[in-house]
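One gets this note's numbering by counting positions in the sequence shown from 1 and adding 316 to each. Glycine included, C-beta positions come from ideal geometry on N, C-alpha and C. Here the structure comes first, spelled out in structure tokens, and everything after it is commentary.
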Amino acid sequence: MSGEAMAQQKYFTQNCQFTNAAMMGKGGYRVDYTIRVNTKKGPRNFYAARYSDGSGLFCISKPGGQNPSKVPVAFQGSFFNTVTQKGPKSVLVEIRDSQGRAATIKLYKLKFKNPNRPKVKIVKTWIDSSR
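Written out as structure tokens, the structure reads:
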């Protein structure tokens, strides 16, 4: 688990509402990354959560988990490797096109000047030959 240190594991429903561990495998997503970003509307928490099959859910909320919602990105539901902070307003997300060998990986940069419509840019693309 990376991003902010979390005292307790968090879980989301498919609509980015907080839930409990009992939902895992029943539509629940485990939050693997929480990163604080600064936006023109104030600080927000960016979350990358994973379903039991490995697919991702990307959410954003006000501090303290208030008003969580899905981040409007084309790669919602995709497999992801890592999520890292890139400056106070940006996040890098590694997206895989599959779980198998020779998967194409794209590194996306999300810039959260506007928390409801981040700017999304592909920074790098490569083939994973490590699996």
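When C-alpha distances from residue 353 are compared across 336, 335 and 403, the shortest belongs to 403.
If the five residues before and after residue 431 are omitted, its C-beta is found closer than 6 Å to the C-beta atoms of 355, 357, 360 and 376, all from its own chain and listed in chain order. For residue 412, the enclosing beta strand (DSSP E) covers residues 406-412. DSSP, reduced to helix, strand and coil, places residue 370 outside both helices and strands of the structure shown, so it counts as coil. Close CB contacts of residue 378 within its chain, under the 7 Å cut and outside five residues either way in sequence, are with 360 (chain order). If you draw a straight line from the Cα of residue 429 to the Cα of residue 407, it is about 11 Å long. Excluding residues up to 5 positions away in sequence, 408 lie with their Cβ nearer than 6 Å to the Cβ of residue 400 in the same chain.
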